[in-house]
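K.L.:
Please find one structure pasted underneath; my questions will follow.
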Amino acid sequence: DGGITQSPKYLFRKEGQNVTLSCEQNLNHDAMYWYRQDPGQGLRLIYYSQIVNDFQKGDIAEGYSVSREKKESFPLTVTSAQKNPTAFYLCASILTGGGGGNQPQHFGDGTRLSIL
Amino acid sequence: AQTVTQSQPEMSVQEAETVTLSCTYDTSENNYYLFWYKQPPSRQMILVIRQEAYKQQNATENRFSVNFQKAAKSFSLKISDSQLGDTAMYFCAFMKTKAAGNKLTFGGGTRVLVKP
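Taken in sequence, the protein lines are chains A and B. Counted the way my numbering counts, the first sequence spans residues 1047 to 1162. Counted the way my numbering counts, the second sequence spans residues 62 to 177.
Below is the structure:
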């Protein structure tokens, strides 16, 4: 079955450490997205990528970095510059070919990041 | 920038009854897409229903229906014959067109509790 796989499910970060969250999709989707969700709140966009080797900042990109070297993969690095990284992180993708605007974003199961 | 507002933080409903969740949004776009997502305690994001702004007919998906008022920028969700499995957070989301990155903007969410 096609889908989006996020790993790990739980991640702990030490002070001053960079950590990388994995997101892989086998849906042949063009665009991929990273969202952050704080307790009791909605999702906020961190970064997104519409094509390989290209990505754009979302609303809360500071302290995060991404890469898109392959269509299937869009890893997110939470750097030490992100002072409050504790949150639930969701990856999503969408098929944009042929207009694709009315297609919904599909989501992975998320990664919960906590500070040690 | 788009904003999405869900004015009801929490709602409860008796099993088999009907509940309506409100959502308003602010945009200067004419073409866009609206979605309702459900997030149960497992934290998965599950698509409930979607609406294209250019369609006047309200979308329906089994027990879920929307009341889309484009001029009023309102997009409410009605859950009929509520079931215990409908207990979850519900998020209203606005999506721009492909040319603008198909980015999603989420509301803050409404927690729905279905009581037996």
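The beta carbon of each residue, even a glycine, is placed where N, CA and C say it ideally should be.
Start and end of the beta strand (DSSP E) containing Ser137 of chain B?
P.N.:
For the purposes of this step, residue 137 of chain B is taken as the residue at position 76 of the second sequence. Here the beta strand (DSSP E) through Ser137 of chain B covers Ser135 to Ile140.
K.L.:
Which class does Lys1116 of chain A belong to by DSSP, given the choice of helix, strand or coil?
P.N.:
On the first sequence, position 70 is the one that residue 1116 of chain A refers to. Residue state, collapsed to three classes: strand.
K.L.:
Using a beta-carbon distance below 9 Å, is Met72 of chain B in contact with chain A?
P.N.:
Within the second sequence, numbered from 1, the residue matching residue 72 of chain B stands at position 11. Not an interface residue.
K.L.:
Alpha carbon to alpha carbon, how far is Glu76 of chain B from Ala149 of chain B?
P.N.:
Counting from one through the second sequence, the residue named residue 76 of chain B turns up at place 15. Counting from one through the second sequence, the residue named residue 149 of chain B turns up at place 88. The alpha-carbon atoms of Glu76 of chain B and Ala149 of chain B are separated by roughly 14 Å.
K.L.:
Whose C-beta lies closer than 7 Å to the C-beta of Tyr1117 of chain A among residues of the same chain, with five residues either side of it excluded?
P.N.:
Position 71 of the first sequence holds residue 1117 of chain A. Note that residue 1117 of chain A corresponds to Lys in the displayed sequence, not to Tyr. Contacts found: Val1098.
K.L.:
When you check each C-beta in the stretch 108 to 123 of chain B against every C-beta of chain A, which residues fall closer than 7 Å?
P.N.:
If the cut-off is 7 Å between Cβ atoms, the stretch 108 to 123 of chain B has Leu108, Arg111 and Glu113 near chain A.
K.L.:
For the stretch 1051 to 1096 of chain A, which segments carrying the beta strand (DSSP E) assignment without a break, of at least 3 residues, lie completely within its bounds, in sequence order?
P.N.:
Fully enclosed beta strand (DSSP E) runs of 3 or longer: 1056 to 1059, 1065 to 1071 and 1077 to 1083.
K.L.:
Given a cut-off of 9 Å, decide if Thr166 of chain B and Thr85 of chain B are closer than it, judged by their beta-carbon atoms.
P.N.:
Position 24 of the second sequence, counted from the first residue, corresponds to residue 85 of chain B. Position 105 of the second sequence, counted from the first residue, corresponds to residue 166 of chain B. Not closer than 9 Å, so no.
K.L.:
Using only the alpha-carbon positions, how far apart do Asp142 of chain B and Ser89 of chain B sit?
P.N.:
Within the second sequence, residue 142 of chain B is the residue found at index 81, counting from 1. Within the second sequence, residue 89 of chain B is the residue found at index 28, counting from 1. Spanning the two alpha carbons is a distance of roughly 36 Å.
K.L.:
Please name the residue or residues paired with Asn128 of chain B in a DSSP beta bridge.
P.N.:
Position 67 of the second sequence, counted from the first residue, corresponds to residue 128 of chain B. Note: Asn128 of chain B sits in a beta bridge opposite B:Ser137.
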